[in-house]
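Residue numbers (this note's numbering), protein chains in the order written: chain A, 49 to 161; chain B, 4 to 115. Idealized CB from N, CA, C, for every residue including glycine. Comments concern the structure below.
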């Protein structure tokens, strides 16, 4: 098993659909992250959870809703998305604290029609 | 606000060449700097992490340096191979929050 696993790897959804992205880490880390990667743009931090509490919300629209039920799992719930939300969504984890090395999953490629 | 710039945006070299990728940043108050590799359509793989108190880190054919006073980091790749072809990203951790600031990356192509 890889350290950080994301499912699904590819997702196509209409603007009225509701879907969820899942991330699971097997590294014993206490912090988990969602990043968005769009074409020709730097990675953008969306959310950070540390010890299951949200510690960072980087001005993300409410149509993205994160959930962290425990330190190993992180979800990103999606509803009424826009075509410009199409991107690669990357999950990452690190040891507790802001200076830990980040380990990323393979990403979920989202296309919104 | 921290800004991270990576130059060049793309680089193409013949196999076996030694090369340097550059990363510059505007705010030297950082906790650490991390270099990543990303293959097309894939996630990021951590290559090297340099804490703010360190000057360099080495792993195999890779060597990363950090000069906070000049706001620069370099990633040196020795004896490049076609398998090194990927996008290389640098990211900085600044402040007491968890936010990494990423550059846009350098797309490296190593030709056989």
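query: Given this structure, state the Cα-to-Cα distance separating residue 83 of chain B from residue 66 of chain A, to the nearest angstrom.; result: 45 Å
query: Can you pull the chain B neighbours of residue 157 of chain A, defined as C-beta to C-beta under 8 Å?; result: 44
query: In angstroms, rounded to a whole number, what distance separates the CA positions of residue 77 of chain A and residue 98 of chain A?; result: 9 Å
query: So, at 7 Å on beta carbons, what are the nonlocal neighbours of residue 55 of chain B in its own chain, with the 5 sequence-adjacent residues on each side left out?; result: 33, 34, 35, 71
query: Residue 46 of chain B by DSSP, collapsed to three states: which one?; result: coil
query: Mind checking which residues open and close the beta strand (DSSP E) that includes residue 80 of chain A?; result: 79-85
query: Anyone know if the C-beta pair for residue 63 of chain B and residue 90 of chain B falls short of 8 Å?; result: no
query: How would you label residue 97 of chain B, buried or exposed, when you count the other beta carbons within 10 angstroms and need 16 or more for buried?; result: buried
query: Does the distance from the C-beta atom of residue 127 of chain A to that of residue 72 of chain A stay below 8 Å?; result: no
query: Who does residue 86 of chain B pair with in a DSSP beta bridge?; result: Answer by DSSP bridge pairing: none, since residue 86 of chain B is not bridged.
query: Per the DSSP calculation, residue 135 of chain A is bridged to which residue(s)?; result: A/158
query: I think residue 129 of chain A touches residue 82 of chain A, with their Cβ atoms under 8 Å apart; what is that distance to the nearest whole Å?; result: Not confirmed; about 14 Å, so no contact.
query: Would you give the residue range spanned by the beta strand (DSSP E) that residue 57 of chain A belongs to?; result: It is not in any beta strand (DSSP E) - residue 57 of chain A carries neither H nor E in the DSSP assignment.
query: Any residues in the stretch 64-95 of chain A with a beta carbon nearer than 9 Å to a beta carbon of chain B? Which ones, in chain order?; result: 79, 81, 83, 85, 88, 89, 90, 91, 92, 93
query: Give me the Cα-Cα distance between residue 133 of chain A and residue 28 of chain B, rounded to the nearest whole angstrom.; result: 28 Å
query: Does the beta-carbon distance from residue 60 of chain B to residue 47 of chain B come in below 8 Å?; result: no
query: For the beta strand (DSSP E) that contains residue 40 of chain B, what are its first and last residues?; result: 33-41
query: Identify every residue that forms a DSSP beta bridge with residue 114 of chain B.; result: B/17
query: Taking 8 Å as the CB-CB cut-off, is residue 69 of chain B touching chain C?; result: Given the protein chain composition of this structure (A and B), no chain C is represented.
query: Quick one: which chain B residues come within Cβ less than 7 Å of residue 153 of chain A?; result: 46
query: Establish whether the CB of residue 106 of chain B and some CB of chain A are separated by less than 8 Å.; result: yes
query: The beta strand (DSSP E) spanning residue 67 of chain A covers which residue range?; result: 66-73
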